[in-house]
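Only one structure is covered here, and it is reproduced in the block below.
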């Protein structure tokens with residue numbers, strides 16, 4: 001078997017290498033919240049240092065309790081026995097795909113990892129286009145049609161992966177769409193894997209009604225979350241899953257725990273200590289989370305304005321730190337630059353404008369589409385001091401290095417529209433820094 | 001699909017539950033080095049706390065360099081480009097089994113995880129009995145015969161998993177056996193997965209010649225190691241793999257890295273910091289390792305004396321913290337207690353004598369065999385203070401709680417032989433403590 005490295009991780013490594021070689025690149029190609037670790041989390045890491053025994057595969061009672069409380073506060077009462085923690089939500093998603101029989105339905109576009117995981121698990125993947133109003137979910141009518149066709153071909157479409165708020169579009173599924181999908185799940189006997197890792201990064205929690213499919217299709221929804229995005233802990237690798245409170249849910253949890261015992265054994269002890277604290281949501285951590293959210297909102301919206309100004313169409317972002325523009329209105333202009341699809345658009349932006357983005361085709365989107373994901377979370381600064389300054393600023397867009405990066409992106413996108421020549425961005429620590 | 005939890009992890013959880021309920025159990029059932037974390041490792045964990053970015057999938061340059069140096073000091077010159085680190089050697093072994101085509105040959109008995117991993121990867125598993133002199137390797141003649149038969153049946157036996165020093169037998173493969181196996185690998189076009197996680201726990205390094213198959217079958221051996229055993233870091237989840245310096249090795253490393261990018265992403269940043277220090281082998285860490293090794297040696301040898309005294313046959317342990325006795329000489333006596341195989345022997349020892357061991361059948365051994373693994377590394381104490389006392393003592397066997405545990409085991413095994421009634425061990429913190 002031969003597998004390529006996940007394209008987002010590959011692009012991140014490529015950008016790091018080219019920056020190390022002296023190139024100026026604005027990195028919009030990687031979905032990482034590049035912000036300092038909250039000090040309270042470091043304290044728990046240290047407190048957990050003496051946890052060098054393996055402990056239970058699913059995580060110890062304290063961390064499972066904390067995760068159960070986290071879900072309960074989101075309308076999902078949870079018994080700690082129905083929780084599993086792991087080194088990242090990605091590991092849990094792979095275990096779930098391996099444990100649940102049948103083929104997989106994913107939104108098109110969707111996070112780069114769902115489809116390769118399905119193939120690793122020996123499944124067939126069916127992409128279903130997203131609706132006009134949001135990403136992260138299949139369009140309900142197209143979903144029904146895809147299931148019908150797949151079954152006609154002898155396949156067994158059974159799992160649907162949902163992401164809300166979404167990567168790559170930065171939008172969330174409105175409650176009525178979730179209700180329709182939950183209804184289809186019941187009608188068609190589907191299992192929903194609801195990836196809610198961005199849930200706490202909804203830009204306006206008070207104004208944004210978030211409905212988990214687990215509130216409706218209770219017996220057939222597994223919820224997956226993690227601390228990588230909301231708490232900027234991608235490099236610490238902490239994820240969790242919540243299983244349905246049914247006999248089937250208990251069996252699935254046992255299967256995933258069995259898989260875990262042959263793969264990662266357990267989440268590292270010090271990280272379990274961290275997770276116990278973080279999923280407990282103490283006030284000081286919620287305060288920090290609110291500041292992260294405000295920063296993500298401000299910069300994602302600024303990026304939205306830039307792509308719209310640059311001539312693209314785009315769903316307004318409502319959560320996370322992504323914008324997913326469509327440069328279809330510029331197709332003729334771009335064809336003159338030999339840009340005819342996602343890959344050539346990605347290459348053009350990297351080579352000619354010093355802007356790294358990930359083309360829609362990597363998310364399963366049409367190769368001809370002039371769409372890409374711009375991850376805005378890498379613009380907060382190359383150093384801890386810069387990141388802290390962006391986090392502390394009343395108006396992050398007025399912070400020098402954030403402004404400079406946005407201006408460089410604006411210049412790059414303006415070049416696409418033929419509005420101006422592309423000016424490679426100036427050398428600055430914000431633009432040429434190392435990954436940390 | 002339905003999978004059971006790995007039997008060693010399941011037994012560890014069962015013992016913890018029964019102890020929590022007040023039962024006195026001497027726990028010989030889990031292969032964990034239950035000793036305090038070396039303080040220098042905690043310092044590195046703290047120093048690595050700000051590594052919250054994902055970073056390269058295979059591990060950053062510093063940690064891969066440190067691992068390369070570690071192997072170079074063991075006769076295996078290594079380019080950092082041929083190294084991958086991961087959350088545990090187990091995760092790497094699963095990725096390797098998934099990435100390498102063909103079926104799998106494992107020693108019988110062998111570590112509980114190799115065969116389930118092979119089945120997860122869709123492979124057929126062929127067990128090959130170990131030679132009389134040591135465990136962890138297939139008997140060379142039986143290996144040839146098994147390959148011949150498997151091919152006749154249409155299978156493609158291709159991978160051989162080797163473990164030296166070995167779990168469960170606590171023995172190492174002498175150089176001449178390794179040479180024969182390397183020769184067979186060349187003749188039969190096999191890939192060797194050499195699990196060397198116990199290598200630094202050879203009891204008498206000066207007197208024990210250790211030969212890695214990677215020194216001989218260079219182009220077809222992948223070496224796997226980790227810090228769980230040698231540095232008592234099971235709960236921190238740190239492993240590493242070394243790939244052959246060939247085009248095939250580079251492709252295999254790319255495939256394993258691709259798999260990793262869809263499963264665990266990368267080893268947690270703080271753990272990479274720890275691994276960089278640990279694989280660098282500074283003098284203070286080697287001094288601590290030497291003390292661990294002395295403790296493992298003393299207690300494993302004492303356990304060997306106890307099982308021999310109890311009427312069993314047993315290979316003398318030469319590495320790690322395991323003894324693998326065979327109570328075949330007592331078959332008639334044991335039949336009178338309804339003990340007729342590994343499972344009933346394990347149950348009898350747990351229920352009647354308060355001694356938890358893991359039957360040979362869980363390691364792939366014959367279900368009728370009266371064999372089990374006694375892991376001696378859980379006898380060092382239930383508290384950090386007890387463990388430290390065992391580690392610091394010139395004669396660990398004279399330390400009260402270690403002595404009491406060994407006496408309790410001796411009484412249990414004597415009961416098997418009908419030498420004396422079984423006296424349940426007294427309640428003491430050493431015998432009823434929690435896992436940490």
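Protein chains in written order, with the UniProt record's numbering: chain A, 1 to 436; chain B, 1 to 436. All C-beta atoms in this analysis are idealised placements derived from N, C-alpha and C, irrespective of residue type, glycine included. Computed from a predicted model, the values in this text were never measured in an experiment.
Neighbour flag for residue 18/A against chain B, beta carbons, 8 Å: no
Is it true that the CB of residue 173/A sits closer than 8 Å to the CB of residue 33/A? no
Under 8 Å, do residue 131/B and residue 363/B count as touching if we go by C-beta distance? no
Answer yes or no: do residue 5/B and residue 261/A have a C-beta to C-beta separation smaller than 8 Å? Going by beta carbons, residue 5/B and residue 261/A fall inside the 8 Å limit.
The beta strand (DSSP E) enclosing residue 239/A, as first and last residue numbers: 239–242
The stretch 113–129 of chain A: positions lying closer than 8 Å to chain B by Cβ: Taking 8 Å as the Cβ-Cβ cut-off against chain B, the residues of the stretch 113–129 of chain A that qualify are 113, 116, 117, 120, 122.
Alpha carbon of residue 135/A to alpha carbon of residue 86/A, nearest angstrom: 27 Å
Within the same chain, show all residues whose beta-carbon is closer than 7 Å to that of residue 349/B, passing over the 5 residues directly before and after it, in chain order. 355, 357, 412
Which term fits residue 335/A, buried or exposed, when burial requires 16 or more other beta carbons within 10 angstroms of its beta carbon? exposed
Please report the distance separating the alpha-carbon of residue 434/B from that of residue 270/A. Note that residue 434/B scores a pLDDT of 31, beneath 50, so its modelled location is shaky; the value from the coordinates is reported in the next line. Straight across, the Cα-Cα distance linking residue 434/B with residue 270/A is about 17 Å.
Alpha carbon to alpha carbon, how far is residue 14/B from residue 20/B? Give it in angstroms, no decimals. 10 Å
Residue 107/A lies in the beta strand (DSSP E); which residues open and close that run? 103–108
Mapping the DSSP letters down to three states, classify residue 35/B as helix, strand or coil. coil
In chain order, what residues of the same chain have a beta carbon less than 6 Å from the beta carbon of residue 429/B, not counting five sequence neighbours either side? Confidence in residue 429/B is poor, its pLDDT being 40 and thus under 50, which makes the residue's placement too unreliable to answer from.
Boundaries (first-last residue) of the alpha helix (DSSP H) holding residue 294/A: 283–309
Does DSSP put residue 197/A in a helix, in a strand, or in coil? In the structure shown, residue 197/A adopts coil according to DSSP, grouped into three states.
Closer than 8 Å to chain A by CB, residue 343/B: Interface with chain A (8 Å Cβ-Cβ cutoff): residue 343/B is excluded.
Cβ contact (3+ pairs, closer than 8 Å) linking the stretch 51–63 of chain A and the stretch 394–412 of chain A: no
Can you tell me which residues form a DSSP beta bridge with residue 319/A? In the DSSP assignment, residue 319/A is bridged to 202/A.
When DSSP labels each residue in this structure, what does residue 163/A get in the three-state scheme? Looking at residue 163/A - three-state DSSP - the assignment turns out to be strand.
Within the same chain, show all residues whose beta-carbon is closer than 7 Å to that of residue 127/B, passing over the 5 residues directly before and after it, in chain order. 106, 108, 364
Touch test, the stretch 87–101 of chain B against the stretch 153–160 of chain B, Cβ-Cβ under 8 Å, three pairs minimum: yes
Between which two residues does the beta strand (DSSP E) harbouring residue 224/A extend? Where residue 224/A is concerned, the enclosing beta strand (DSSP E) stretches over 221–226.
If you follow the alpha helix (DSSP H) that residue 88/B is in, where does it begin and where does it stop? Here residue 88/B belongs to no alpha helix (DSSP H), and DSSP marks it neither H nor E.
The beta strand (DSSP E) enclosing residue 129/A, as first and last residue numbers: 125–129
Indicate whether at least one CB of chain B lies closer than 8 Å to the CB of residue 380/A. Chain B contact via Cβ: absent.
Considering only C-alpha positions, which residue in the set 66/A, 320/A, 26/A, 267/A is nearest to residue 351/A? Out of 66/A, 320/A, 26/A, 267/A, 26/A has the C-alpha closest to the C-alpha of residue 351/A.
In terms of DSSP beta bridges, what is residue 326/A paired with? DSSP output for residue 326/A lists 313/A, 371/A as bridge partner(s).
Which residue marks the beginning of the alpha helix (DSSP H) containing residue 12/B, and which one marks its end? 7–20
Identify the contact partners of residue 232/A in chain B, using a Cβ-Cβ distance below 8 Å as the criterion. 52
Complete alpha helix (DSSP H) runs within the stretch 331–355 of chain B (minimum length 4 residues, chain order): Here the runs fully enclosed are 331–335, 342–353.
Indicate, with yes or no, if the ligand GTP has a heavy atom lying under 7 Å from the CB of residue 316/A. Among the ligands in the structure shown, none appear at all, so the ligand GTP cannot be discussed.
Residues of chain B with CB closer than 7 Å to the CB of residue 13/A, please, in chain order. 56
Do the CB positions of residue 95/B and residue 256/B come within less than 8 Å of each other? yes
Got a sec: is the Cβ-Cβ distance from residue 432/A to anything in chain B below 8 Å? Confidence in residue 432/A is poor, its pLDDT being 34 and thus under 50, which makes the residue's placement unreliable; the coordinate value appears in the next sentence. With 8 Å as the cut-off, residue 432/A does not count as an interface residue toward chain B.
Measure how close the beta-carbons of residue 370/A and residue 328/A come, nearest whole angstrom, since I'm counting them as under 8 Å. 5 Å
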